[in-house]
Structure formats: C-alpha cells, structure tokens
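Chains as they are written, first to last, in the working numbering: chain W, 1297 to 1576; chain B, 1297 to 1576. From the three backbone atoms N, C-alpha and C, an ideal C-beta is built for every residue, glycine too.
There are 2 protein chains.
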Amino acid sequence: MMFEQITIVGVGLIGGSIGRASRERGLASRVMGHGRTERTLVRAREIGCLDDFTTDLATAVRHTDLVVICTPVDRIASTILAAAPHCRPGTLFTDGGSTKGNILADLGSRLPNHVTFVPAHPLAGSEKTGPEFSRADLFENRVTILTPISTTPESAVASVDAFWRALGCRIVTMTPAEHDRALATTSHLPHAVAAGVAGVTPPGWLRLTAGGFRDTTRIAGGDPALWAAIFEANRDAVLAAVDDFTTRMAEFRSLLEQRDGPGLVQWLSDAKRVRDALGS
Amino acid sequence: MMFEQITIVGVGLIGGSIGRASRERGLASRVMGHGRTERTLVRAREIGCLDDFTTDLATAVRHTDLVVICTPVDRIASTILAAAPHCRPGTLFTDGGSTKGNILADLGSRLPNHVTFVPAHPLAGSEKTGPEFSRADLFENRVTILTPISTTPESAVASVDAFWRALGCRIVTMTPAEHDRALATTSHLPHAVAAGVAGVTPPGWLRLTAGGFRDTTRIAGGDPALWAAIFEANRDAVLAAVDDFTTRMAEFRSLLEQRDGPGLVQWLSDAKRVRDALGS
C-alpha cells in the first residue's frame, strides 16, 4: 500500500481511470473522489472508480496523502490553492493537466509550504469524456511527463514518480517550458488540425469519407470547452506550432501549384519517415 | 457466376483485395492478374488473389470480360488505351482510382468503341501497400462511387454496378467533377494535413505523442509516389480544399491570439458537430 488515502479531484475519464487503477492495484486503502456534480460521483463509485466521494473540497482532502487534480487545465491552480489550507502537513499534490507552465505561473509563490506539488501529464486519454469511459488499464505503458521545479524536494518527486509508475506509466522528466513546447506540436496542434479538417467538411459529404478521414479527424470529437482551455493555457507555444504547420502546408500548396512532382514526393517522404518511426 | 474471366491490372492492396473477394464470392471462373513485377504476382497468387497472371498486358486482357485497372491514378488512362486494342468486343473496364476527372480527360475520345469504361472509386484502403495487405472483406459495406458519363450505355453501368455490389460495396453515383471536388476535401486534404503534422514533428518528440497524434497522422505513412500522383491528378480541387482549410486554421489562430475563449469553443463545437455526425 503506497498511501492510506488518495483524493481525486475531477472524476472524469482521466480521474476515473486513476481511481480504478489505484483500487485494482491496491495503491491506497481508500480512494476518495471530489467533484461538483453528485450524480457523476455516484456513477463513478458504482463503476468502481471510487470508494467514497464528497462535493466538499475541504472534506475531500482533509485526511489524505495524495491529491490528484484532474480538472480542466484552467482550474488546476485555483483548485490546488483552494484545497491546500485544508490539507495536513506533507500532503502531496499531482495533476493530469495537458499544460504545465500556466499552472505553475498561476500558483506563483502562493502554494503553502506544508504541501508539495509535482506537476504531471499522463499521455493518455480519448475524445470521450466522463467516468463511464474510464479504464483501469488506461495508463499501461503510457508515458507520464513530470515537470518538477528545482525547489521541489526530491522525496516528493520520488513518491509521485512511484505513484504514476504504479499506475503502469513510464516516466519522462522535463522542464515545464520544454513540456509545453513539445506538447504544442505532438498533441495540441493535431487537435486543432483535426478540428480544422472536420470544420471544412460539408456534412453531406460525410458518406464519401473512409478510414483516412475518420482517423485524421477522430479527436475533433473531443470536448470543446476542455480543449479551448488547453489552447489558451498554452497559447504562445500553440501559436508557434500552428505557424510552423502553416508554413509547411504552404510549401505543399506551392509544390502542387507548380506541379513539382519530385518535390511533392520529397515533401511526403519527409513526413512518412517521421510517421514510420512511430510505428502503427 | 457474373463473368467468365476478370483481369486485374495492378495487383496491390486494392487489386489484390478485388481478386480475393472475386474468388471467394465466385464472381468469375478465372481471375487473371497483370503487373510489371513477376515476384509480386507470384506472391499475390500464393495468397489467393489470383488464379493466374502474366506480365504481358495483351495476353492478360485478350479473353476477358471485365478489366479492373488498379494502377496509380496517373497510369490508369494510358493502361486502358494500351489494353483496349487487345480486348474482344463488349469488354468492360472499371478502375479503382482516387481521382476521376483526369482519367476521363486523358482518355478524351480515344477509347475504341468496342469497349466501355465505367469509372469507379472504392472508398477503401489503408496506408499499407502491396497484395500481402489485401483482404477479401476490404469492400464490405464500403461506398464505391461510380462516375459514368452521359454516353455510357446503361447496360454497362448496370454490370459494373453489380460487380462492385457483389464485392460488398454500396454504390453512390455522381459526376466526375462532383467526385473530385468532394474527395479533395474528404480524402486528399486529410492526407496532406496528416503529412503536414508529421512533417513538423521532430523525431525526438515522438515519444511524447499519444493516441491523438497517432490517429491524426496515420495516413502520413502512405506511399509518397502514389499520393503525389493523386494530388497532381486532382490539383485544382485539392488547391481549393487546402485554401478552405488554411482559412479555417487562420480563424483558429486569430481567435487564440485574441484569447477569444467563447470564439474558440464555437470554432471547436462546429467541428465536433460534423465529426460526431460521422460516428466513431
């Protein structure tokens, strides 16, 4: 048993999966859930994500060892600040947010000294939302990125690292800025682009689509509010990634307009080399 | 038995799958294959795509009822013109090409009167190439688009229609120009965009990708030469689709730059509505 009690704040797909995995793997004697909608929490407990729940944040974190914040990214910092005063000394915080710099900036130096926050981003998820899509094996063999800052005590990083590993993750550690720059390209840009393709497709043409369209646009089914918050939280890096991409698409357009066959083959081959390195 | 003999010219993923499906469903007494590389044809026969093969086009089509051209799109018209003089009267041609207008333009009025061509585009495939990835059920419940021209005899259209249905397809009929405009958006644009995302991703960041990147870029693994030919064959419609998409991405960029949260949610919601209409 790693912890006596874990508290999950925000029990959706990610939070629910953390709860199920923690319970199945015996990482805590008790998994407590907190959220704003009682009905969702009832459902999450029914399907095995939680042992107990409360809609009162202070109660949720009062006797806990680890708080995992799984709210949308624009509410992570404020939730930590609201919860911290009710925690006992030594309580650890981690999160599941897709952006890191904004959370640390919002926290600034306001986090009380008796708790420690080790930011995390598990690279797992789906275009689906809600605890009914949670899975105990969601983190199996997935990468979780940790972005501790230099003043974070090593023992806290080690405990949070061990927790994510125990959920099945492999750990990669980097700075918050590195994380945000990389994820702008590897996650946030693909989301914007998938939505861009879906957005220019007349619904009447959907019957004329096949697997390529289906795959390329799948994540456009994601939750608009969640993703708008992610884009805003990582605004500068996303703008830079969109600009890189726009430049590359302009190259494609120009090669095609000039009927430059060998140039198009080269442009496509450069992309294929990257994609093939990923595997299917 | 619909046909005594079918000849498949170009026995890759699509041609091989047509061969397997035709043999399994008993659509012809004999499925003949033609290609340029004997080794590929030997392999295709081994795995059940063909009854027989030849690398000589005249021999391949001499005693056949239906010729299915599955070469890259830039060689379909020339292959039909090369094969037609060797066919007996009444021989039908169809194809599996992703573009239609260019083929009909290349044929012009040069197709001999004793054969009939009914252009087809089965919306099935994969980023994989070669007969080893062929599947007898590749066309099951997929749409095949037929683009007959006004002078095509109805009996020929009916026979080709019945053939594609017998492979498992649903049939949609439209003009070549409508086809090319729609597919530029539903197939060719997604391919360019997938390659654009892969192309701006540093290989060192691939370990920081998850399912979203994987799905969005999957078709970037497709064959560069095949796809360069498709883009060139449908140049004007692809340029128009790229321009629509670029405009939509510029809207995204502008909303994000202005930190217009509600605008971003709306932009993403419009895309989600389209994608949700497709289903998972």
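**Request:** Run the CB neighbour count on S1451/W, radius 10 Å, all protein chains shown included, and call it buried at 16 or more, exposed below.
**Result:** Stepping through the first sequence from its first residue, residue 1451/W is reached at position 155. Result: exposed.
**the stretch 1526–1544 of chain B: positions lying closer than 7 Å to chain W by Cβ** = F1527, E1528, R1531, V1534, L1535, V1538, D1540, F1541, T1542 and R1544
**Asked** How long is the line joining the alpha carbons of L1388/W and V1411/W, rounded to whole angstroms?
**Response** By one-based count along the first sequence, residue 1388/W stands at place 92. By one-based count along the first sequence, residue 1411/W stands at place 115. Those two C-alpha atoms are separated by around 6 Å.
**Prompt:** What number of angstroms, rounded off, separates the C-alpha of R1503/B from the C-alpha of V1439/W?
**Reply:** In the second sequence, residue 1503/B corresponds to position 207, counting from 1. In the first sequence, residue 1439/W corresponds to position 143, counting from 1. Rounded to the nearest angstrom, the two C-alpha atoms are 8 Å apart.
**Prompt:** Exposed or buried, D1519/W, counting other C-beta atoms within 10 Å across all chains shown (16 or more means buried)?
**Reply:** Counting from 1 along the first sequence, the entry for residue 1519/W is found at position 223. Looking at its Cβ environment, which holds 16 or more other Cβ atoms inside 10 Å, D1519/W is buried.
**Message:** Residues in the same chain with beta-carbon distance under 7 Å from E1547/W, minus the five sequence neighbours each way, listed in chain order, please.
**Reply:** On the first sequence, position 251 is the one that residue 1547/W refers to. Excluding residues within five positions, the ones whose Cβ falls inside 7 Å are W1563.
**Request:** Please determine, among T1447/B, L1434/B, M1298/B and G1500/B, the residue with the shortest C-alpha to C-alpha distance to L1323/B.
**Result:** As a position in the second sequence, residue 1323/B is number 27, starting the count at 1. Of the candidates T1447/B, L1434/B, M1298/B and G1500/B, the one whose C-alpha sits nearest the C-alpha of L1323/B is M1298/B.
**Minimum C-alpha distance to V1357/W - residue among E1342/W, S1405/W, A1401/W and I1302/W** = Position 61 of the first sequence, counted from the first residue, corresponds to residue 1357/W. Nearest option by C-alpha distance: I1302/W.
**Request:** Would you identify the three-state DSSP class for G1394/W, choosing helix, strand or coil?
**Result:** As a first step, residue 1394/W must be located in the first sequence, where it is residue number 98. It should be noted that the sequence gives Ser, not Gly, for residue 1394/W. It is coil, neither helix nor strand.
**Message:** For the stretch 1427–1454 of chain B, list every residue whose C-beta sits within 9 Å of some C-beta in chain W, in sequence order.
**Reply:** R1438, V1439 and I1441
**Closer than 7 Å at the beta carbon, the chain B residues around R1549/W** = By one-based count along the first sequence, residue 1549/W stands at place 253. Here the neighbours are L1535 and V1538.
**Request:** Output the distance between the C-alpha atoms of D1476/B and I1399/B, rounded to the nearest integer angstrom.
**Result:** Here residue 1476/B corresponds to residue number 180 of the second sequence, with the count starting at 1. Here residue 1399/B corresponds to residue number 103 of the second sequence, with the count starting at 1. Straight-line Cα distance between these residues: approximately 11 Å.
**Prompt:** Taking three-plus beta-carbon pairs below 8 Å as touching, is the stretch 1376–1387 of chain W in contact with the stretch 1500–1516 of chain W?
**Reply:** no
**Request:** May I have the straight-line CA-CA distance separating L1442/B from T1481/B, to the nearest angstrom?
**Result:** Start at 1 with the first residue of the second sequence, and residue 1442/B comes out as number 146. Start at 1 with the first residue of the second sequence, and residue 1481/B comes out as number 185. In a straight line, the C-alpha of L1442/B is about 18 Å away from that of T1481/B.
**Request:** Leaving aside the five residues before and after F1429/W along the sequence, list all residues of the same chain whose C-beta is less than 7 Å from its C-beta, in chain order.
**Result:** Position 133 of the first sequence, counted from the start, is the residue given in the question as residue 1429/W. Counting only Cβ-Cβ distances below 7 Å, and skipping sequence neighbours, we find L1309 and S1422.
**Message:** Given this structure, state the Cα-to-Cα distance separating V1363/B from C1345/B, to the nearest angstrom.
**Reply:** Position 67 of the second sequence holds residue 1363/B. Position 49 of the second sequence holds residue 1345/B. Cα-Cα distance, rounded: 15 Å.
**Message:** Contact defined as beta carbons within less than 8 Å: I believe G1392/B pairs with H1417/B. What is the distance between those atoms, to the nearest angstrom?
**Reply:** Working through the second sequence from its first residue, we reach residue 1392/B at position 96. Working through the second sequence from its first residue, we reach residue 1417/B at position 121. Right, the Cβ-Cβ distance comes to about 7 Å (below 8 Å), so this counts as a contact.
**Request:** Have a look at the DSSP bridge pairing and note the partners of Q1301/B.
**Result:** Position 5 of the second sequence, counted from the start, is the residue given in the question as residue 1301/B. R1326/B, per the DSSP bridge assignment.
**With 16 other Cβ atoms within 10 Å as the buried cut-off, status of R1571/B** = Position 275 of the second sequence, counted from the first residue, corresponds to residue 1571/B. By the neighbour-count rule (16 or more Cβ atoms within 10 Å), R1571/B is buried.
**Cross-chain neighbours of S1394/W in chain B, by beta carbon under 7 Å** = Here the question's residue 1394/W lines up with position 98 in the first sequence. Per Cβ cutoff of 7 Å: no residues; S1394/W is ~10 Å from chain B at best.
**Request:** Give me the Cα-Cα distance between G1433/B and E1334/W, rounded to the nearest whole angstrom.
**Result:** If you number the second sequence from 1, residue 1433/B lands on position 137. If you number the first sequence from 1, residue 1334/W lands on position 38. In the sequence under discussion, the amino acid at residue 1433/B is Asp, which differs from the Gly named in the question. Cα to Cα, D1433/B sits roughly 47 Å from E1334/W.
**Message:** On the DSSP bridge list, what partners appear for I1467/W?
**Reply:** Reading the first sequence from its first residue, position 171 is the one you call residue 1467/W. In the DSSP output, where bridge partners are listed per residue, I1467/W has T1440/W.
**Item:** Reduced DSSP secondary structure (H/G/I, E/B, other) of F1389/W
**Value:** In the first sequence, residue 1389/W corresponds to position 93, counting from 1. DSSP places F1389/W in strand when its eight states are reduced to three.
**Asked** Between T1471/B and the rest of its own chain, which residues show a CB-CB distance below 7 Å, the 5 nearest in sequence each way excluded?
**Response** What you label residue 1471/B is simply residue 175 of the second sequence in a count that begins at 1. So the list reads T1443, once near-sequence residues are dropped.
**Request:** Return helix, strand or coil for P1558/B, following the three-state DSSP convention.
**Result:** Mapped onto the second sequence, residue 1558/B falls at position 262. In the structure shown, P1558/B sits in a helix (DSSP, three-state: H, G or I).
**Prompt:** Under a three-way DSSP split, which group does D1348/W fall into?
**Reply:** Counting from one through the first sequence, the residue named residue 1348/W turns up at place 52. Strand.
**Asked** Which chain W residues are close to S1483/B, counting only those with a beta carbon under 9 Å from its beta carbon?
**Response** Here the question's residue 1483/B lines up with position 187 in the second sequence. L1504, T1505, A1506, G1508 and F1509, listed in chain order.
**Prompt:** When DSSP labels each residue in this structure, what does E1360/B get in the three-state scheme?
**Reply:** Stepping through the second sequence from its first residue, residue 1360/B is reached at position 64. Note on identity: in this sequence residue 1360/B is Thr, with Glu being the wrong assignment. Three-state result, T1360/B: coil.
**Cβ of P1520/B within 7 Å of any chain W Cβ** = Residue 1520/B sits at position 224 when you count from the first residue of the second sequence. So, interface residue.
**Prompt:** Any idea what DSSP makes of P1415/W, helix, strand or coil?
**Reply:** By 1-based counting over the first sequence, the position of residue 1415/W is 119. Coil at P1415/W, not helix or strand.
**Prompt:** Under 7 Å Cβ-Cβ, which residues of chain W neighbour I1515/B?
**Reply:** As a first step, residue 1515/B is located in the second sequence; it is residue number 219 there, counting from the start. The contacting residues are G1508, D1511 and T1512.
**Asked** What is the rounded straight-line gap between the Cα of R1339/B and the Cα of G1426/B?
**Response** For the purposes of this step, residue 1339/B is identified with residue 43 of the second sequence, where counting begins at 1. For the purposes of this step, residue 1426/B is identified with residue 130 of the second sequence, where counting begins at 1. Looking at the two C-alpha atoms, the distance is approximately 10 Å.
**Request:** Determine, using beta carbons only, whether D1566/B and G1495/W come nearer to each other than 7 Å.
**Result:** Here residue 1566/B is taken as the residue at index 270 of the second sequence, counted from 1. Here residue 1495/W is taken as the residue at index 199 of the first sequence, counted from 1. Their beta carbons are under 7 Å apart, which means D1566/B touches G1495/W by this criterion.
**Prompt:** Can you list the residues of chain W that G1495/B reaches, using a CB-CB cut of under 8 Å?
**Reply:** Counting from one through the second sequence, the residue named residue 1495/B turns up at place 199. R1544, W1563, D1566, A1567 and V1570, listed in chain order.
**C-alpha distance - A1373/B paired with D1402/B, whole-angstrom precision** = Position 77 of the second sequence holds residue 1373/B. Position 106 of the second sequence holds residue 1402/B. If I take the Cα positions, the gap works out to 6 Å.
**Request:** Please report the Cβ distance between S1394/W and S1483/W, rounded to the nearest whole angstrom; I am assuming they are in contact, meaning their Cβ atoms lie under 8 Å.
**Result:** By 1-based counting over the first sequence, the position of residue 1394/W is 98. By 1-based counting over the first sequence, the position of residue 1483/W is 187. That belief holds up - the Cβ atoms of S1394/W and S1483/W are roughly 7 Å apart, short of 8 Å.
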